[in-house]
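J.: In this note's numbering, the protein residues as written are 29 to 175.
All C-beta atoms, glycine included, are put in the ideal place defined by N, C-alpha and C.
Note that this is a predicted model, so its numbers are computed, not measured.
Below is the structure I would like to discuss, written out as structure tokens.
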Amino acid sequence: MNRLALDGFWLDLPQSWSGLEDVTYSDPSTLPPVALAADGGAGRMMVAEMLFEDPDEQPPGAEVDEMEALARAWGRKRRLEPLETGAEARSDGVIATASYLVRGCFVQVWFLSNGERVMHASYVCPWDARSVERADREAIVASLRWS
Numbered sequence: 029m030n031r032l033a034l035d036g037f038w039l040d041l042p043q044s045w046s047g048l049e050d051v052t053y054s055d056p057s058t059l060p061p062v063a064l065a066a067d068g069g070a071g072r073m074m075v076a077e078m079l080f081e082d083p084d085e086q087p088p089g090a091e092v093d094e095m096e097a098l099a100r101a102w103g104r105k106r107r108l109e110p111l112e113t114g115a116e117a118r119s120d121g122v123i124a125t126a127s128y129l130v131r132g133c134f135v136q137v138w139f140l141s142n143g144e145r146v147m148h149a150s151y152v153c154p155w156d157a158r159s160v161e162r163a164d165r166e167a168i169v170a171s172l173r174w175s
């Protein structure tokens, strides 16, 4: 594993994975994301800290149900129902995930909260390749930590 230290957080990457230079993804609710992929891999992962700039919009707390609701809301905004969801408490907060079928692609999203900040990660690959990098993407997300 290779440790990748970024602004505000760090994560561990499997040997074949690295950060990518070309990030064309944009979402006004997050800081610029870090793109990650395996050399010759099936998919791409993005990781970014979410922004809550509206004074009326507070980040969700570190409760399992709040984070799972955030993972479901990601799909609801796109009129999608999750294929799978899950959430669990960790020593540094709560993490929730949901997976979706989006236009022939497998999409899995995660939200990690420490009660003050929220990290958003996503992984996208062709539907038929959804299990190819499962262990790697789960290990990367499990390694996410606030710095």
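(1) Taking L48 as the reference, give the member of M29, G69, I123 with the closest Cα.
(2) At a cut of 8 Å, does the stretch 165 to 172 reach the stretch 138 to 157 through at least three beta carbon pairs?
(3) According to DSSP, M29 sits in a beta bridge with which residue or residues?
(4) For G121, which residues in the same chain have their Cβ closer than 7 Å to its Cβ, ignoring the five residues on either side in sequence?
(5) Using DSSP with H/G/I as helix, E/B as strand and the rest coil, what is V160?
(6) Determine the extent of the alpha helix (DSSP H) in which A99 is found, giving its start and end residues.
(7) Applying the 10 Å Cβ sphere with the 16-neighbour rule, what's the burial state of A76?
(8) Between which residues of its own chain and R72 is the CB-CB distance below 8 Å, once the five residues before and five after are set aside?
(9) Ordered along the chain, which non-local residues of its own chain (more than five positions away) have a Cβ less than 6 Å from that of S127?
T.: Based on what the coordinates show:
(1) G69
(2) yes
(3) For M29, which the question treats as bridged, DSSP gives no partner whatsoever.
(4) A90, L140, S141, N142, G143
(5) coil
(6) 92 to 104
(7) buried
(8) L48, A63, L64, A65, Y151, V152, C153
(9) L111, E112, Q136
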